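Report on the structure given below.
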Amino acid sequence: MITGAEAIVRSLEHEGVEIIFGYPGATVCPLYDRLSKSNIKHILVRHEQHAGHAASGYARIKHKPGVCMTTSGPGATNLITALGTAYMDSIPLVAITGQVNTELLGRDVFQEVDITGSVAPFTKYSYLVKNAADIPRIIKEAFHIASTGRPGPVLIDVPVNVQNHKLEFSMPTEVNLRGYKPTIKGHVGQIKRVCKAINNASKPLLCVGGGIFNANGQDKLRQFAETVNIPIVSTMMGIGAVPTDHPLYLGMLGIHGKTVANQAISDADLLIIIGARVSDRAVLLPARVGKQTVIVHIDIDPAEIGKNLSTLIPVVGDAREILNQIMDMQPDKKSDEWTSLLNYKKSKIKPDYQPREFGINPKAFVKLLTEKLPDDHIYCADVGQNQIWSAANCQIKTGRFLTSGGLGTMGYSIPAAIGAKLAKPEKTVVAVCGDGAFQMNMMELATICQNNVEIKIVIMKNNKLGLVKEIQKNSYNNNEVAVDLTGSPDIPTIAKAYGIPSRTIDNMDEVEGAINEMLNHKGKFLVECVVDENESSI
Amino acid sequence: MKHVLSALVYNSPGVISRVSGLFRRRGYNIDSFIGSSTEDEKYSRLTIVVEGDDIVIAQVISQLEKLEDIISIEDIDPESMVSKVLLFMKVKADVTDRVGIIVVANACNARVIEMSKEYLILEALDTEDRISEMIEIFKPYGIIELVKTGVVAMKR
């Protein structure tokens, strides 16, 4: 007989967990006690929300569920934003929370919250464990649910007395969930219709979202696009699905996207959406899409299809699998007419990389930074103007672009970068955020130092909440309210306090030197870019 | 012990989720839960059967009364109420069994509402206890599918 806490640790070991991001408290003490005797590494974050974000960064790079753990009450509620962030971006997480004694449940005792109820809209599934004997099965199911089908966060709430109850441990060999059978292979009839639509189209276009990464289908996508000669646009979550310098790639679409990408959406006669939910921010729907456009929607989640856009040919299944199936049917290779027209339009666009009278041109900075970074670098963008600058100008080749696309959670970049770096320590990982977002996650500098997580940090500093300021300028008669960040600390001094070397730059001549210094420095490094407060997002 | 709670609530979106959420959150066990509109479309009537001792039931009622959507709630005394459960039951019934089943059904106050070569569908409206007994009686014949409502009740 072993305790519930030990059963949790053993089950996690069974699932191949190597790292847990967490923050302890009274109701997870039995679990922490057992965890200390395991080989699973625990990373102590400085705020529970960041345990979730770090697990998210880890999951996206490791391609398996990230695990985070907090105590009951405020520990659990602090995690909610991270679960919501992961849910919106379909990231597999397993969150374990402590809970008060089972006999005290529902009585509003100290640090009790109904966390399974609270996270219901933000989790794929959740469990309240009332019986220690259920622990191995529940953990096995949680990992299965989190990582299969459309991935997402799963929460397991474990009352402290259940962690101390004894059980006979045996790990189930398989999961048996009646009613949960994600479709992987696409329906053959639908695949045939897709091929026919491709053969009939003269202006086909691929629109790729984050689902392609969940399916691990980047290489298939590229192969498919090249074989059939179809241009590609991506959502923000889809950036990096093909190298951003690929001749068939037109860029990100949407209100903050590339003109040529949006034009292609309007002009296309066949739009093949893969692993994207085409939210309002991605496509100005339905206005953008032509009335005659044939829409194919490939998604593993049948509920996504037809939700935001009426679809002519739905295909439910795994993106990689379906791309394979389509290629097996050998659709016709399209002529160069449409692609060269788009390429011509693309070449006419001259991005604004000119130096500024004051400060750094953040667009030019992002471009230069990502060109200098190794091809397989991991770029974590935060939320705000910096996200738009990053998304529109970063050069991603074989690496990844990680950001909070769906929920737009400020403070995502640094914890996500910590998770990503711990998932693949050999990769160069950079977190780029604004001075607003930085002040939401700068306590994690301690986590970086404590665990020697060698990430690079770039802060675009304009002393404003730039994206909101821009909205107020354009839509509220320039009435700037609550966007001034006066009172913020001196960022290099903060870095110094944590023992992190840093450099501040405020003109373009210094950019190359600063980037070289940051990348050549072995270990963590912070660059502060002074940016004009009136710099536009696009 | 089982208690039948009858609540008059505003017929507003989310009211069922708020009431059922409260049961879940506080760990009260719902035996059955029925909601439907009343003669006035502004209001709905919920009939909830809860298992618990008097202290728990008093807590349930106090917690429910705090919800803005609830107009009134009452724990109905079994002695002073009429209550019924509706049952549909698909029972295996080949040629040899059919007559026997119909006879038993009549004895149970159940009606045959549909018939095919392989099965019968029975309908019964009765008290919860009698419905439970009836299910036991029909088990040996082979129940293919069964659906029943929770308790609906009204104070005399």
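Quick note, the sequences are listed as chains A and B, same order.
For the first sequence, my numbering gives the first residue as 107, with consecutive numbering after it.
For the second sequence, my numbering gives the first residue as 1130, with consecutive numbering after it.
Ideal Cβ placement from N, Cα and C applies to all residues, glycine included.
As the structure is a computational prediction, the values presented were derived from the model and not from experiment.
Residues of the region 1140-1161 of chain B with a C-beta less than 9 angstroms from any C-beta of chain A: G1150, R1153, R1154, R1155, G1156, Y1157, listed in chain order. In the structure shown, the three-state DSSP call for L210 (chain A) is helix. The region 243-257 of chain A and the region 203-220 of chain A do not touch, with fewer than three beta-carbon pairs separated by less than 8 angstroms. Counting every other CB atom within 10 Å of its CB across the protein chains shown gives K168 (chain A) a total of 16 or more, marking it as buried.
Interface with chain B (8 angstroms Cβ-Cβ cutoff): D434 (chain A) is excluded.
At a Cβ-Cβ threshold of 8 angstroms, I245 (chain A) and L141 (chain A) do not count as neighbours.
Closer than 7 angstroms at the C-beta level to chain B, one finds these residues of the region 185-214 of chain A: L211, G212. Contact check for D541 (chain A) against N569 (chain A) passes: the beta carbons are separated by less than 8 angstroms. Per DSSP, the beta-bridge partners of Q205 (chain A) are A:P265.
Pairing R1259 (chain B) with L1251 (chain B) gives a Cβ-Cβ distance that is not under 8 angstroms. Within chain B, the C-beta atoms nearer than 9 angstroms to that of D220 (chain A) come from G1150, R1153, R1154, R1155, in chain order. Taking a contact to require three or more Cβ pairs closer than 8 angstroms, the region 300-314 of chain A and the region 270-286 of chain A do not qualify as touching. The residue among A:S385, A:G360, A:T399 with its C-alpha nearest the C-alpha of I378 (chain A) is A:T399.
Residue contact check for G131 (chain A) against chain B: no CB pair falls below 8 angstroms. Burial of V173 (chain A) is indicated by the presence of at least 16 other C-beta atoms within 10 angstroms of its C-beta.
The three-state reading of DSSP puts Y582 (chain A) in coil, since its state is none of H, G, I, E or B. With respect to the 8 angstroms criterion, L273 (chain A) and T203 (chain A) are not classified as neighbours on the basis of their beta carbons.
The beta-carbon of G223 (chain A) is placed less than 8 angstroms from the nearest beta-carbon of chain B. For P420 (chain A), the secondary structure class from DSSP, reduced to helix, strand or coil, is strand.
In this structure, B:Y1139 is the residue among B:N1235, B:E1274, B:Y1139, B:I1264 with its C-alpha nearest to the C-alpha of D1169 (chain B). In the three-state DSSP reduction, P259 (chain A) falls in the strand class (E or B).
For T610 (chain A), the three-state secondary structure derived from DSSP is strand. Beta-bridge partners assigned by DSSP to P310 (chain A): A:L376.
Every beta strand (DSSP E) of 3 residues or more that sits fully in the region 476-542 of chain A is shown, in chain order, as 484-487, 506-508, 535-540. Scanning A:I428, A:G316, A:V151 for the CA closest to the CA of Q436 (chain A) turns up A:I428. Apart from sequence neighbours up to five positions away, the residues of its chain that approach N557 (chain A) with a beta-carbon distance below 7 angstroms are I149, ordered along the chain. As computed with DSSP, E1274 (chain B) is found in a beta bridge with B:K1219.
DSSP links E1180 (chain B) through a beta bridge to B:K1131, B:N1158.
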